[in-house]
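So the sequence shown is numbered by this note's numbering: it starts at 4 and just counts up by one.
Glycine included, each C-beta is placed from N, C-alpha and C at the ideal position.
A quick note: this is a predicted structure, and the numbers were derived from the prediction, not measured.
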Amino acid sequence: MRILKEHFLFYVLFFSLMYSVQAQNFSRVTGTVTDESGIPLPGVSVIQKGTLKGEATDFDGKFSLSDVPQGAIVQFSYIGYKTLEVRVNASVLNVKMQQETQELDEIVVIGYGTQKKGDVTTAITSVSTKDIDQRPVTSAAQAIQGRAAGVQVVQPNGAPGAGLSVRIRGNTSISASNDPLYVVDGVPVQDINNIAPTDIQDMQILKDASSSAIYGSRAANGVVLITTKQGRKNEDAKIAFTSYIGTSEVANKINSLNATQYKALTDDLYGSKNTVPAGLTDVTDWYKETYRTSFTRNYQASISDATEKTYYYLSGGYTRDDGVIRTSFFERYNVRLNLENKTKKWLTLSTNLSYADYSSNGIITGQGSNRAGVVLSVINTPTYGKIWNDTPGKEGQYFEDFYGLKMVHPVENISRNADNQLKNNRFSGSATATLHFTDALKFKSTFAIDRLSSKLNEWTDPSLTSYGRKEHGIAIDNRWNTTQLTFDNLLTFDKVFDRHSLSLLGGTSGTTFRYNQSYIRATHFSGSDIKTLNAANKIDPNATNTNEHEWAMMSYLGRISYNYDSKYLLTANFRADGSSKLAPAKRWGFFPSFSVGWRVSNEAFLKDVDWLSELKLRGGWGQVGNQAGIGSYGHLQLYRITRQNWWTTGNANAMVSLAPSTFSNPDLTWEKTTQSNVGLDLALFNNRLQFTVDAYLKKTTDLLMNVDLPATSPIQHIYRNEGEMENKGIELGLNSRNFTGNFSWNTNFNISFNKNKLTKLELQKIYYYAVTSEATSEKVVRLEEGKPLGQFWGYISQGVNPQTGDIVYADINNDGVITPEDKTHIGDPNPDFTFGLTNDFSFKNFALSIFLQGSYGNDIYNASRIETEGMYNYRNQSTEVLRRWTTPGQQTDIPRAVAGTPKYYDFLSLGRRWFISACETNHPFV
4 MRILKEHFLF YVLFFSLMYS VQAQNFSRVT GTVTDESGIP LPGVSVIQKG TLKGEATDFD
64 GKFSLSDVPQ GAIVQFSYIG YKTLEVRVNA SVLNVKMQQE TQELDEIVVI GYGTQKKGDV
124 TTAITSVSTK DIDQRPVTSA AQAIQGRAAG VQVVQPNGAP GAGLSVRIRG NTSISASNDP
184 LYVVDGVPVQ DINNIAPTDI QDMQILKDAS SSAIYGSRAA NGVVLITTKQ GRKNEDAKIA
244 FTSYIGTSEV ANKINSLNAT QYKALTDDLY GSKNTVPAGL TDVTDWYKET YRTSFTRNYQ
304 ASISDATEKT YYYLSGGYTR DDGVIRTSFF ERYNVRLNLE NKTKKWLTLS TNLSYADYSS
364 NGIITGQGSN RAGVVLSVIN TPTYGKIWND TPGKEGQYFE DFYGLKMVHP VENISRNADN
424 QLKNNRFSGS ATATLHFTDA LKFKSTFAID RLSSKLNEWT DPSLTSYGRK EHGIAIDNRW
484 NTTQLTFDNL LTFDKVFDRH SLSLLGGTSG TTFRYNQSYI RATHFSGSDI KTLNAANKID
544 PNATNTNEHE WAMMSYLGRI SYNYDSKYLL TANFRADGSS KLAPAKRWGF FPSFSVGWRV
604 SNEAFLKDVD WLSELKLRGG WGQVGNQAGI GSYGHLQLYR ITRQNWWTTG NANAMVSLAP
664 STFSNPDLTW EKTTQSNVGL DLALFNNRLQ FTVDAYLKKT TDLLMNVDLP ATSPIQHIYR
724 NEGEMENKGI ELGLNSRNFT GNFSWNTNFN ISFNKNKLTK LELQKIYYYA VTSEATSEKV
784 VRLEEGKPLG QFWGYISQGV NPQTGDIVYA DINNDGVITP EDKTHIGDPN PDFTFGLTND
844 FSFKNFALSI FLQGSYGNDI YNASRIETEG MYNYRNQSTE VLRRWTTPGQ QTDIPRAVAG
904 TPKYYDFLSL GRRWFISACE TNHPFV
């Protein structure tokens with residue numbers, strides 16, 4: 004018995020020791036990571052899950068982790084491979100990683116649904132969260148800049164927070180909007196200024212009509228689908244914080260004449276009548292007083308998590324961009340909550356909520372220094388001028404008496420705008436209920452609101468500025484609100500029958516839009532202490548008004564998608580839109596589309612071609628519309644209100660009078676765009692090299708335009724469907740994984756060629772646009788049949804006559820006299836091609852991204868040179884005019900100085916627009 008007890012105690016002690024040894028941490032866990040064929044993978048991230056302990060595999064794919072407890076989970080992740088998690092049960096872990104098949108099986112968002120990327124038969128470009136995170140951008144539109152062939156993103160001006168111009172496959176309209184439709188989490192929105200780029204999971208750009216026709220009368224300019232981030236199942240809670248600080252400054256400064264040079268110029272202009280005395284010296288550097296180095300700060304934080312039934316994503320951020328011109332800025336606070344709950348097996352509820360508060364103070368723009376243009380006044384203001392007036396009785400006022408010439412210098416122009424702020428409050432929210440009748444049959448109902456409240460306050464000091472002194476101070480209170488409500492109901496059926504895959508969609512969509520505005524202008528303030536309207540003595544009755552309008556649209560939509568064995572693909576869409584903007588007889592529009600595809604690489608005769616990953620041929624056709632250029636009551640006759648001066652004798656009880664401002668047009672309808680597209684997708688060497696090419700033909704009919712009426716008509720124009728336009732082009736895209744492993748290098752390149760032509764004008768055959776300067780009445784854009792949109796029109800300058808110093812113009816009609824009949828087409832603003840190039844490099848945990856985008860071949864009419872080189876009055880000019888003609892026989896390209904109306908000469912230049920992003924480096928710590 005005693006021996007039995009001793010043996011029992013021995014075994015208990017033995018197994019206890021064995022257990023304690025097994026429960027200890029492994030002093031070191033080592034191993035090798037390879038791909039499926041056994042080739043070592045360098046640079047794989049190896050992390051003990053739930054800790055910050057980790058490293059990257061070396062060149063031979065080997066790793067080593069210390070003090071890893073038994074049972075811990077080690078996570079292996081690598082770009083292009085599926086993330087792998089392995090539980091530690093030994094000190095040696097050799098693992099094989101599988102390549103992602105996402106190039107073919109990845110789910111992409113399409114209109115009102117999703118689809119496997121390999122089954123897509125239309126022209127769609129994807130931008131992922133990785134693409135967005137690699138670039139220091141503050142707006143969602145910047146994230147697609149240069150990323151997609153056929154998509155041109157340009158910032159029209161340099162004001163902080165200024166919106167971007169996005170064009171997909173060229174312009175499709177003259178008077179209506181050319182902006183694409185933005186759809187965020189399935190809901191069309193007014194714009195995307197309120198979205199922080201770090202909240203975006205991916206963006207899909209629908210470029211052809213066969214993909215965008217499901218959005219009907221709002222899709223003529225393409226559609227940008229944005230999906231925001233959500234919590235992910237089977238992942239730990241994720242906390243992220245991103246920040247960056249950037250600077251910018253004016254790279255190419257335009258130099259102005261100094262005081263001595265300015266005196267010589269005015270002598271040439273006015274001779275003995277020149278009022279500018281000799282001996283003036285430079286007093287103020289207007290460039291330094293106006294410009295500065297700007298700073299951009301962006302801070303974004305988020306947390307996301309998921310349980311078995313609930314997913315959430317919560318984020319918040321702050322962005323501040325101080326412009327290069329003093330007092331200008333853009334500031335945004337943003338917060339977002341995305342929440343989803345699987346309430347029942349048959350019911351899923353979700354909500355996406357976002358709020359943004361963003362404000363800005365831009366700069367006063369204008370075409371001349373005396374017309375409130377800050378930028379031009381930097382050049383046009385003589386350098387002998389002072390900032391402040393020291394004349395007795397005018398202390399505290401800005402200097403303005405340039406020897407009898409009334410000029411407004413840039414510091415005063417900035418002061419006029421210093422207290423002007425545009426403040427926006429934006430709330431967007433949606434609530435969705437999804438009923439799962441079966442695994443194949445679902446019903447989804449979504450209600451969404453997009454509300455924007457804006458307020459623009461302007462203040463001009465009653466004594467500081469000359470503009471304010473005219474009316475003893477000016478205050479403007481301008482407020483407007485927009486509310487867009489959307490109610491969608493969709494029924495979907497998705498089923499796979501053996502080798503047959505069928506997807507059906509049917510539904511309705513209702514949209515209402517409301518706008519209201521109030522505008523009040525007040526003058527005559529006793530001082531600047533109180534800047535609110537109640538401190539004014541006068542309310543301007545002719546500049547005070549309210550405005551309201553609304554429109555609604557009802558839609559029916561459907562789609563059928565079928566593929567056989569993921570080889571033969573067919574998709575057809577249909578949408579019917581009924582808009583309150585149009586007369587009852589023209590209210591409904593019908594927008595069909597279809598597309599087909601053949602995945603040749605899935606055929607049996609290519610199954611043994613190992614180097615071919617994907618070969619797909621596709622083609623599509625569709626019709627879409629554009630109603631953005633039609634007012635809420637576009638088909639009705641509208642009236643304007645004329646107020647009577649009630650203080651005039653006999654008008655004490657006078658009423659307002661009404662006068663027509665437009666003619667009714669019951670035939671008015673939306674613009675229609677019909678587009679055909681053919682494309683090829685090719686992927687080689689296990690998707691390391693991917694190539695895409697698309698060719699398209701896009702025809703727009705029923706162009707909306709203002710047509711001039713006879714001078715005897717009480718109304719100058721009528722808005723009608725007037726013309727037709729055509730765009731055609733080719734797009735090429737190339738993605739390559741050049742190196743993988745410890746050092747990786749990925750390249751994305753795209754280039755697009757688009758040709759535009761105005762093919763028909765019905766009633767009025769020629770239109771003129773774009774007055775270049777208030778100093779002239781010249782319009783330099785002419786529209787006519789057979790020519791590209793926006794062609795420049797004017798005289799052809801053949802240089803400067805060396806004997807007279809006058810400009811020599813081409814005598815087009817050979818009549819010996821230069822008249823307006825000698826004007827002709829002198830330039831084309833449309834580029835020959837646009838392109839984007841991105842190179843992503845990484846070495847172990849360090850990363851570098853370099854982005855280049857540009858356009859080539861477009862002509863630029865630089866109208867600013869009229870003010871900086873025109874030499875027609877006392878305004879200062881750029882140093883370019885030092886080359887002006889002064890003596891007979893002189894060879895130069897700039898004519899003599901002549902007071903009066905500025906003379907036209909060659910203000911055209913070839914557009915070569917290149918943009919290189921700030922190279923971004925990052926070092927993720929694990």
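In the DSSP output, what is residue i paired with across the bridge?
i    : result
G600 : L572, R621
R2   : Shown here, the chain extends from 4 to 929; a query on residue 2 therefore has no answer.
G399 : Its beta-bridge partners do not exist; DSSP assigns none.
P191 : V186
R150 : Beta-bridge pairing links R150 to no other residue.
L700 : S679, K731
V36  : V98
K291 : DSSP output for K291 lists no bridge partner at all.
P663 : Y642
Please classify residue i: does DSSP put it in a helix, a strand, or coil?
i    : result
A773 : strand
G581 : strand
L911 : strand
Q145 : helix
V414 : helix
F795 : strand
K589 : helix
N605 : helix
N545 : helix
L467 : coil
G219 : helix
A655 : coil
May I ask which residues mark the beginning and end of the alpha helix (DSSP H) holding residue i?
i    : result
L687 : Careful: L687 lies outside any alpha helix (DSSP H), inside the beta strand (DSSP E) at 674 to 687.
I869 : 867 to 872
Q264 : 262 to 273
L379 : 377 to 383
I135 : 132 to 136
What residues in its chain sit with their C-beta under 6 Å from that of residue i, if we drop five residues either side in the sequence?
i    : result
S69  : R31
T924 : In this prediction, T924 scores a pLDDT of 48, lower than 50, which makes its location untrustworthy; no coordinate-derived value is stated.
L7   : Residue placement at L7 is poorly supported in this model, since its pLDDT is 41, which falls under 50; the coordinates still yield a value, given next. Here the set comprises nothing.
F752 : L737, L840
F934 : Lying outside 4 to 929, the shown extent of the chain, residue 934 is not represented and no answer is given.
R339 : D202, S318, S357
Within the same chain, show all residues whose beta-carbon is closer than 7 Å to that of residue i, passing over the 5 residues directly before and after it, in chain order.
i    : result
S881 : I257, N258, S259, I382, T871, E872
T394 : none
R170 : Q155, N181
Between which residues of its own chain and residue i is the CB-CB distance below 8 Å, once the five residues before and five after are set aside?
i    : result
D288 : T386
Q647 : N654, A657, M658, V659, S660
G632 : S176, S178, A179, S180, E674, L707
Within the continuous beta strand (DSSP E) that includes residue i, where are the two ends?
i    : result
R170 : 168 to 171
S178 : First-last for S178: undefined, no H or E at that position.
D70  : 65 to 72
I754 : 746 to 764
D843 : 836 to 846
A359 : 350 to 364
Using only CA atoms, which one of the options lies nearest to residue i?
i    : options                : result
G300 : T652, K291, Y336, Y314 : Looking at the sequence shown, residue 300 is not Gly but Arg. Looking at the Cα atoms, Y336 is the closest of the given residues.
L444 : G802, T672, F854, L350 : L350
T293 : I417, N364, D136       : I417
S582 : L766, F516, S48        : F516
G860 : G819, L911, N423       : L911
T60  : R172, P45, T54, V71    : P45
D63  : T54, L438, G41         : G41
S67  : E88, I76, V95          : V95
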